[in-house]
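Residue numbers (my numbering): 1 to 163. Ideal Cβ positions, reconstructed from N, Cα and C, are used throughout, including at glycine. Computed from a prediction, not measured in an experiment: that's the story for all the values here. Below is one structure, written out as structure tokens, with a few remarks after it.
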């Protein structure tokens, strides 16, 4: 089964995709950088960091003695796809929801909600794959993700005031 064979790459890529992309969004919002900066920085991060994560996964997988180059490439692809799929979620609210004037003042709150749902789903996937407690994995994934987002928001807000 594909998911079990590449569980580490899928969970690692997905978690990092959500957190780093949402950190860019949250930091941009905290710093009052505007919609254009959120979209440009968000997508730049999404593709560049996704590629970087995939290369890192490939190189680290090839350091294991029993891992073939083909398997390492599949790990890298799983990381890249998972990173980009989950990392797109924080940007969706700015791409779709921000187009309606009634939602423009609530776009960040909706992004937080979408990210929370994505973190819950990723925690659930992790629990199913590892056969661990669903509640434990969901709460762990959600708390780590939201803590990173809060940190990025306040750093962006602090730096936005300095600049």
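For residue i, which of helix, strand or coil comes out of DSSP?
| i | result |
| --- | --- |
| residue 63 | coil |
| residue 154 | helix |
| residue 93 | helix |
| residue 32 | coil |
| residue 163 | coil |
| residue 133 | coil |
| residue 69 | helix |
| residue 12 | helix |
| residue 58 | helix |
Thinking C-beta only, is residue j closer than 7 Å to residue i?
| i | j | result |
| --- | --- | --- |
| residue 153 | residue 26 | yes |
| residue 78 | residue 6 | yes |
| residue 42 | residue 21 | yes |
| residue 121 | residue 141 | no |
| residue 52 | residue 38 | no |
| residue 76 | residue 57 | yes |
| residue 162 | residue 31 | no |
Among the options, which residue has its Cα nearest to the Cα of residue i?
| i | options | result |
| --- | --- | --- |
| residue 88 | 146, 36 and 115 | 115 |
| residue 147 | 18, 132 and 134 | 18 |
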